[in-house]
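Residue numbers (this note's numbering): 1 to 269.
As structure tokens, the structure follows; a few thoughts come after it.
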Ligand code: SF4
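Encoded structure:
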């Protein structure tokens, strides 16, 4: 695993993510190494040639650069800040570098509205800060409740059970929580099981369909070939089938309503 310390020129970056003005990514790369990760396009942008999941650039001046960027701004940040869009801000190296914690301390000083999305229960470490934000939501992303299935697709991310436990603790501390069921894999992810497991843990839920563009598909295909060869035939076509996703969306919306959970929608590529 190659970990580099780098100096970032800017950390608060404009984003096209609906509902947000800016995104912050304390790291480039992600050692969780999910096979379907769409953020691997960052390799191209940053000149990395290593395999996705095996390198990490830690922006060690993140706290200082953010403070400088916020000091220079005139007026509030419209839409709030999303953390993080192309990395996981609570991957294991965060225990060492504490870049996310430093960033949160600065954002708290300015009471910038934030939304966090992670796969890690390390987010609980920062509960003391999160509770002090006037506007804060924390999401955990997961595709399944099945540990073995998750391990094959997300080899170094915390287990689904740990993620759900994190949601439980966040909710107990009155943090606004959401689950992002992403990516949803037909025949492997099960909306009914997921919603049952998430009952009482979340305020909102969203779903993202598996992205089958070539750059993201090959990793998924490799795991399917090795562990679920019986699913392979017609799988990619199923992932492009409108009727399949429309039906899933209807079921998810109904389950969310029954659980008194707000449905954020089903996102397709
Ligand atoms: S945790 Fe997120 S950013 Fe990290 S490898 Fe997995 S999908 Fe990509």
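Backbone N, C-alpha and C define an ideal beta-carbon position, used for all residues, glycine too.
Note that this is a predicted model, so its numbers are computed, not measured.
Put simply, of 122, 165, 177, 147 the residue whose alpha carbon is nearest the alpha carbon of residue 96 is 122. Excluding its 5 nearest sequence neighbours in each direction, residue 244 has C-beta neighbours in its own chain below 7 Å: 186, 238, listed in chain order. Within the same chain, Cβ atoms closer than 7 Å to the Cβ of residue 94 are found at 100, 122, the five residues on either side in sequence being excluded. With a cutoff of 6 Å, residue 39 counts as near ligand 1, since its C-beta is closer than that to a heavy atom of the ligand. Counting C-beta atoms within 10 angstroms of its own C-beta, residue 167 has 16 or more neighbours from the protein chains shown and is therefore classed as buried.
Bounds of the beta strand (DSSP E) holding residue 82 are 81-83. The shortest CA-to-CA distance from residue 222 to any of 34, 28, 4 is the one to 34. Proximity of the beta carbon of residue 173 to ligand 1 is not indicated: no heavy atom of the ligand is located closer than 6 Å.
The stretch 248-259 and the stretch 65-81 do not touch, with fewer than three beta-carbon pairs separated by less than 8 Å.
When the five nearest sequence neighbours on each side are left out, the beta carbons in the same chain lying within less than 7 Å of the beta carbon of residue 118 are those of 88, 89, 90, 140, in order along the chain. Distances taken from the Cβ of residue 57 to the heavy atoms of ligand 1 include none shorter than 6 Å. Rounded to whole angstroms, the gap between the alpha carbons of residue 53 and residue 60 is 19 Å.
Rounded to the nearest whole angstrom, the C-alpha separation of residue 31 and residue 158 is 12 Å. Assigned with DSSP and collapsed to three states, residue 141 falls in strand. Contact annotation: the stretch 203-213 does not touch the stretch 20-28, with fewer than three C-beta pairs closer than 8 Å.
Residue side-chain check: residue 87 places its Cβ nearer than 6 Å to a non-hydrogen atom of ligand 1.
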